[in-house]
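To start, the structure itself, in structure tokens.
In our numbering, the protein residues as written are 4 to 308.
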């Protein structure tokens, strides 16, 4: 969930009540381990498991529309999600960060579709009229954490404890902003910037190219699952200024479905059925936090200490 995806008069259609035999269609990103992964086969991941649990609660079959998001400054995952929903590729997009600026009606009228499973050559070129995005209830919380290189022995319980360390981060990400803006740039000269999307951040930390990094907890869990012998050291520290509740998002016209999904999520949370789904995937589970929707995220929020 990069900052670019969050910082960066639709087609109206009346919704009709669903019957039990109609599939619940959900769009999921095919490459966000351990949330949703699909490289052939049926797919896996925590958000997929939550989607399956919701479909069972609603007594409806589940249909997944897999899509691909790219690390590209010209692409917006927010507009891509809106385009998928507005083109009726699905009724909901899963694993969506609940941030006010990423909801509602966008500032542009149309957007291109992201690549999706089954797309025809013309699908990527055409533009789709957009609508307003409506969130469901959150089912988990996604924080940022500090991870240390194997050689580091210092106890780290805050950003202040990184003083004197060599730091690594991917350029133009929220994690980059957290480190660059800390105490008016106190760590700027100690940061190594990597190109996003090349999956080098944690392997280079493991190799000792720098001492510490700030990373999504989900991403560290995924690395640990793929490298069970890793010697990287989690700190257990969660950055308290920024984190995201994760839920689903639908388009205007699907209010009745969103209400049903909200009830299903509330029941799953009340019966403690969500945490085991995360744990089965090797994901550290944190329940949703208040406020349900992060209202706004500014550079000032990150620079204050």
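Even for Gly, the Cβ is constructed at its ideal location relative to N, Cα and C.
- In the structure shown, residue 173 adopts extended strand secondary structure according to DSSP, grouped into three states.
- Three or more Cβ pairs closer than 8 Å define a contact, and the segment 62–69 meets that threshold against the segment 24–32.
- The three-state secondary structure of residue 140, taken from DSSP, is coil.
- Secondary structure at residue 213: coil, using DSSP grouped into helix, strand and coil.
- Contact between the segment 240–258 and the segment 289–308 is present: 3 or more CB-CB pairs across the two stretches fall below 8 Å.
- Secondary structure at residue 160: coil, using DSSP grouped into helix, strand and coil.
- Looking at the backbone, the Cα of residue 172 and that of residue 150 are separated by about 11 Å.
- In the three-state DSSP reduction, residue 188 falls in the coil class, being neither helix nor strand.
- Judged by DSSP secondary structure, residue 48 falls outside any beta strand (DSSP E); it is assigned neither H nor E.
- If you draw a straight line from the Cα of residue 185 to the Cα of residue 160, it comes to about 15 Å.
- Under the criterion of beta carbons closer than 8 Å, residue 126 and residue 116 qualify as touching, at roughly 5 Å.
- A check of alpha carbon separations from residue 114 across 141, 83 and 215 identifies 83 as the nearest.
- Contact annotation: residue 169 and residue 265 have beta-carbon atoms that are not nearer than 8 Å.
- Relative to the Cα of residue 215, the nearest Cα in the group 179, 119 and 54 belongs to 179.
- Here the alpha carbons of residue 224 and residue 37 stand approximately 8 Å from one another.
- The Cβ atoms of residue 181 and residue 99 do not sit closer than 8 Å to each other.
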